[in-house]
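A quick write-up on the structure given underneath.
Numbering (the working numbering), first residue to last: 106 to 965.
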């Protein structure tokens, strides 16, 4: 990890080595000189950087030694430069330190002096005066300092001597001095040897031959227009470009006036770059100029006339820099990833920028895009530190391609760029998020176990483990049972499954929370509220509350006065359905009636009303079958049979019913036939039915309507006075206390209002009672002889629903029953006895549960 700052050590470490050392030669112990432990040295990671196009040095990270990687030739690396050295840096990434290393390349005498030509030719007129000087071509030695040319020696001659001069640039050059006049006729040619010596140890030398031709008289020497020609040219001029033209004049005429131009003193590099036209004096560029290789060229040009006289001039060519080098960006150290919670100023990379141009062309500015959370800080020289400038958020940007641009100040400016890839490491700083704060789902009841109910999805903008989400249901109680017994969730997918079947009638909705937790450390989580509605199915049939089905096999009886008008409310069928919605919407339908069209049932109310006036021909007992159906798909239904008796009063209904023969019921015949058919299949079952029927008939024969000893009716509860063919259900449904009294020769029946309950007597109660106590009697009165109005009023009252307390069974005393009938006690006994006899005759053809009979225990 980088520190916030880099430390540049101000002291320099200086090494000096001679040139031409072989590869692998030892330069210095960097680890020792920097006082670094070799273990830390290798662990921290040390980078050695030297400026230059070629790498001449290498650092061994194992021992910290600096070696020569390429052979060094000072004459090529630093031509015409007094001091030749490399400026290098040692970068310690671990301790964030940069050390400056200076390596000086010292010269050795590895080059001998040499002349540009192995043979020189001089033309001297015989009239030339003694003491005349003739400059010679200088010897060239690439070595520097004492290893360069230090002296010249001329072979022995009585005509010529050698004079060595030192110029302003401390360069020694030789001149031949004419000691005595020449005589062409005596000797027209002189051959001399010029030797140049350097100052090395041992000294090295080079020679050239000087061929002197003695000419006839030439009394004017060529003269250059300028002693020094200085010109500046851009480095990007093309080959063939005329850099400068030198000009010399001669006052002689003819051949002695013709001047030939040539380089007298020029370096090897310059001779490969420039050429002089011997006739015109034009110096032409024949090689490519490069300011970065050589910014200045110096050479001497001589003009020689036809008579051999010579003049020398100096030419200085200054190469001006052109912005032809693109800035170069080098990454010295870099990290590939940083955590998203890194502090501002965290280092990312250490960059070095170089531009080989000079001046403004070499001034470089570095920058990064302003929209990125990074900035460049300049440390020293051309080093820049790339650091974070703002807080990072991996959820917004997970990786950056940071483009570092380096632009010089030249005209036009040149630029280069380097892309640094940086990965942002994730921190668990984002909890899972659901799309909604609450969710509502539904499922139909009676579902199968293991059915997928719904699925949830939470998103986490973190990465990898921090993004991996596990789902769970927060445990709670539901109907005293844990929620886990009803629902489970897949921790990976978020799919919720039903573990058991739901019942809408038990609970209609479930409220719970689901937790989403990521895999970070520490983990983050969030909860969401879920409501699961249980949808109703039509799985409950309608339940009929009124008329309630009797327990002794009979059906309910309603009383309808014969004087009823159309629309008269006879009774009302009351039913409920535990389902809801459409599944609980009930409709009522009359599916069977003794006389169709006589009664109607309200589609939604269940009210049974008359549709017309009653006629004499209408059957006294009307049997209605009402179907109650819900609106589910498919619909479920229940039916109830309602018996309606057409009578204006109870005594009338009793007498009329006693005289009516039981009609043949086709349904009963069908049942009988079915029983007979089953009897053939199972004899045992048939015998059982016969035994049961015999027991029932025996009990009915022993039942008495009136007590023979006390003149009252014993052992016959109200439920046996009226069966399916009588008015028993009427009394049971409304439970009116009836009083029969005698007064003024009239019988009166009173029905007290507002007292209603379901007083149906079970079969067990009937079998348990052997007499009727006299404490509860039918109260008789004669105030209102019209029983039809009381019956009608009773019929319009609302039918009671199941669940109310049953009243004690009604009991009749014999004397009061006689008074209600308006006859003597003996007449009543006779009538009852006759009625019982008739009813006993009918038992053979009727089902005991549907037979209406009157039993009498009166004395014979």
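Heads up, the beta-carbon is just placed ideally off N, CA and C, and yes, glycines get one too.
Residue pairing by DSSP puts residue 365 in a beta bridge opposite 409. Where residue 523 is concerned, there is no enclosing alpha helix (DSSP H), although the beta strand (DSSP E) around it starts and stops at 520–530. Around residue 302, the same chain offers 218, 254, 255, 256, 257, 258, 308, 309 and 310 as residues with beta carbons nearer than 8 Å, after the five sequence neighbours per side are excluded. Under the criterion of beta carbons closer than 8 Å, residue 418 and residue 331 qualify as touching, at roughly 6 Å.
Counting the other Cβ atoms within 10 Å of the Cβ of residue 226 gives fewer than 16, which makes it exposed.
Sequence-distant Cβ neighbours of residue 364 in its own chain, meaning closer than 7 Å and more than five residues away, are 327, 353, 355, 408, 409 and 410. Taking the Cα positions, residue 261 is about 13 Å away from residue 282. Counted as a single uninterrupted DSSP element, the alpha helix (DSSP H) harbouring residue 180 occupies residues 179–182. Ranked by how close their Cα comes to the Cα of residue 647, the residues 611, 470, 691 and 800 have 691 in first place. Under the three-state reduction of DSSP output, residue 803 falls in the helix class. Annotation for residue 606: 551 and 552 place their beta carbon closer than 6 Å to its own, counting only its chain and skipping 5 residues before and after. Note: residue 792 is not bridge-paired with any residue in the DSSP secondary-structure output. For residue 459, the uninterrupted beta strand (DSSP E) segment begins and ends at 452–459. Taken through DSSP and simplified to helix, strand or coil, residue 296 comes out as strand. Burial check for residue 144: the Cβ neighbour count within 10 Å stays below 16, so the residue is exposed. Between the alpha carbons of residue 729 and residue 653 lies a distance of about 15 Å. Taken in chain order, the complete beta strand (DSSP E) segments of 3 or more residues contained in the stretch 384–453 are 387–390, 401–409, 415–425, 433–439 and 442–444. Short of 8 Å from the beta carbon of residue 708, and not among the five residues preceding or following it, lie these beta carbons of its own chain, in chain order: 692, 693 and 694. Rounded to the nearest whole angstrom, the CA to CA distance from residue 215 to residue 174 is 20 Å.
Contact check between the stretch 738–752 and the stretch 671–681: three or more CB pairs, one atom from each, fall below 8 Å, which counts as touching.
By the neighbour-count criterion, in which a residue is buried when 16 or more other Cβ atoms sit within 10 angstroms of its Cβ, residue 238 is exposed. The shortest CA-to-CA distance from residue 132 to any of 169, 142, 486 and 140 is the one to 169. A residue is called buried when at least 16 other Cβ atoms come within 10 angstroms of its Cβ; residue 454 meets this threshold and is buried. Short of 6 Å from the beta carbon of residue 685, and not among the five residues preceding or following it, lie these beta carbons of its own chain, in chain order: 641.
Of the candidates 443, 547, 612 and 602, the residue whose Cα lies closest to the Cα of residue 496 is 443. In the three-state DSSP reduction, residue 679 falls in the strand class (E or B).
Residue pairing from DSSP leaves residue 689 without any beta-bridge partner. Fewer than three Cβ pairs drawn from the stretch 515–535 and the stretch 573–585 lie within less than 8 Å of each other, which leaves the two stretches out of contact. Rounded to whole angstroms, the gap between the alpha carbons of residue 140 and residue 440 is 26 Å. Here residue 438 is near residue 198, since their CB atoms are less than 8 Å apart.
In its chain, beyond the 5 residues on either side, 434 and 509 have a beta carbon closer than 6 Å to the beta carbon of residue 523. Annotated as distal: residue 190 and residue 206, with beta-carbon spacing of 8 Å or more. Distance from residue 571 to residue 608 at the Cβ level is roughly 42 Å; contact not present, criterion being Cβ atoms closer than 8 Å. In the structure shown, residue 133 adopts extended strand secondary structure according to DSSP, grouped into three states.
By the C-beta density criterion, residue 704 is buried, having at least 16 other C-beta atoms within 10 angstroms. Taking the Cα positions, residue 698 is about 39 Å away from residue 549.
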